[in-house]
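*Asks:* If you're matching positions, the sequence shown starts at 29 in my numbering and goes up one per residue.
Note that CB positions come from ideal geometry on N, CA and C, so glycine has one too.
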Amino acid sequence: MSTYLNPSPIFGPVHSRRLGISLGVNLMPATGKICTFDCIYCENGFNADRRTNDGYPSAEEISRALEEKLKEMAANDTEPDVITLAGNGEPTANPAFPDVVDAAIRLRDTYAPEAEVTVLSNGTRADRPEIHAALMRLDNNIQKLDTVSADYIANLDRPVGPYDVEHQIQTFASFEGHVIIQTIFLSGSFEGRNVDNTSDAYVLPWLDALRRIQPQAVTVYTIARDTPASGLRKAAPEVLDGIAERVRALGITCTVSY
């Protein structure tokens, strides 16, 4: 199916189902994807199909482009709801990530003081001290946990390096509530394997992980754009609503994007 790459270093603003009017900050090159996951549902395509030899944009390049865009939006009397660090891959993979966080906060304070600075991350580098500290400075530290099944993660998220679910849970818990867990629910199949993670076999252990993490909020969603893998299907709205209610029963705020 059709997928796409985002411009770099700034894209949008776009309307996000979860975040509102989002001004994107792409810490990856515009010519390819660099990610520590290779998710079969990724709107940017499979890693192998999006290889690039271009380097990461620098903190200085990102800061200049972000300031220019925020000035332009302010001149048009518009302001983003969020400045979102995301783009063509895992934003924390860019070595300049901590400096980009500081620049985004400074520029937000100057040009869009009502906006929140947000990251969409898969969490694979959240245990690194400099990354952990930078994530703590953000308004919305959104981290991915699609399940706690190692086999399922290997099939759906396809980490490109070592990935230990228990370590990820401990890392997310170490934010002491300053973390939002995002989880995709879907159905269908990939390479002959069922990818439905909406049953109790997956949901109950995931709820146990949420009890341990104690995030400030959870967001559950399903696929909404083209995916590189065929055979994937959206989770039904009533299924998402049912899962969200189980999260709320834990005393945790939960939003749903259909």
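Determine, using beta carbons only, whether residue 272 and residue 240 come nearer to each other than 8 Å.
*Replies:* No, the Cβ-Cβ distance between residue 272 and residue 240 is not below 8 Å.
*Asks:* Using DSSP with H/G/I as helix, E/B as strand and the rest coil, what is residue 201?
*Replies:* Three-state DSSP puts residue 201 in a helix.
*Asks:* Please report how far the alpha carbon of residue 188 lies from the alpha carbon of residue 78, in whole angstroms.
*Replies:* One C-alpha to the other measures close to 14 Å.
*Asks:* With a threshold of 8 Å, are at least 3 pairs of Cβ atoms found where one atom belongs to the region 127-142 and the other to the region 65-82?
*Replies:* Counting Cβ pairs under 8 Å, fewer than three are found: no touch.
*Asks:* Go to residue 235, then tell me how far its alpha helix (DSSP H) extends in each direction, as first and last residue.
*Replies:* 228-241 is the span of the alpha helix (DSSP H), which, as asked, contains residue 235.
*Asks:* Evaluate residue 99 with the Cβ neighbour count: other Cβ atoms within 10 Å of its Cβ, from every protein chain shown; 16 or more gives buried, anything less gives exposed.
*Replies:* Classification for residue 99: exposed.
*Asks:* Three-state secondary structure (DSSP) at residue 160?
*Replies:* Residue state, collapsed to three classes: helix.
*Asks:* Verify the CB distance criterion: does residue 178 have a CB-CB separation below 8 Å to chain B?
*Replies:* Here there is only one protein chain, and chain B is not present.
*Asks:* If you compare alpha carbons, which of 212, 57, 108 is closest to residue 34?
*Replies:* It is 57 whose Cα lies nearest to the Cα of residue 34.
*Asks:* Could you tell me the distance, in whole angstroms, from the CA atom of residue 237 to the CA atom of residue 199?
*Replies:* Residue 237 and residue 199: Cα-Cα distance of roughly 12 Å.
*Asks:* Could you tell me the boundaries of the alpha helix (DSSP H) in which residue 98 lies?
*Replies:* Where residue 98 is concerned, the enclosing alpha helix (DSSP H) stretches over 87-103.
*Asks:* Looking at C-beta atoms only, is the number of pairs between the region 62-74 and the region 89-104 that lie closer than 8 Å three or more?
*Replies:* Counting Cβ pairs under 8 Å, fewer than three are found: no touch.
*Asks:* For a minimum of 4 consecutive residues, which ranges assigned as the alpha helix (DSSP H) are wholly contained in the region 95-153?
*Replies:* Fully enclosed alpha helix (DSSP H) runs of 4 or longer: 125-139.
*Asks:* Do residue 193 and residue 178 come within 8 Å of each other at the CB atom, strictly closer than that value?
*Replies:* Yes. Within cutoff.
*Asks:* Quick check: what's the CA-CA separation for residue 231 versus residue 175?
*Replies:* The straight-line gap from Cα to Cα measures roughly 8 Å.
*Asks:* Smallest Cα separation from residue 154: which of 110, 209, 86?
*Replies:* Of the candidates 110, 209, 86, the one whose C-alpha sits nearest the C-alpha of residue 154 is 209.
*Asks:* Which class does residue 84 belong to by DSSP, given the choice of helix, strand or coil?
*Replies:* Residue state, collapsed to three classes: coil.
*Asks:* Would you mind stating whether residue 147 and residue 122 have Cβ atoms separated by less than 8 Å?
*Replies:* In this structure, residue 122 does not lie closer than 8 Å to residue 147 by Cβ.
*Asks:* Smallest Cα separation from residue 30: which of 265, 255, 111, 190?
*Replies:* Taking only the C-alpha atoms, the option nearest residue 30 is 255.
*Asks:* For residue 184, does the three-state DSSP call read helix, strand or coil?
*Replies:* Note: residue 184 maps to helix in three-state DSSP.
*Asks:* Quick one: using the 10 Å Cβ neighbour count with 16 as the cut-off for buried, is residue 185 buried or exposed?
*Replies:* Buried, because 16 or more other Cβ atoms sit within 10 Å of the Cβ of residue 185.
*Asks:* Is the Cβ-Cβ distance between residue 260 and residue 284 less than 8 Å?
*Replies:* No; because the gap between Cβ atoms is not below 8 Å, this pair is not in contact.
*Asks:* Rounded to a whole number of angstroms, what is the C-alpha to C-alpha distance between residue 116 and residue 167?
*Replies:* Going from the Cα of residue 116 to the Cα of residue 167 covers about 21 Å.
*Asks:* Under three-state DSSP, which class holds residue 40?
*Replies:* Reduced to three states, the DSSP call for residue 40 is strand.
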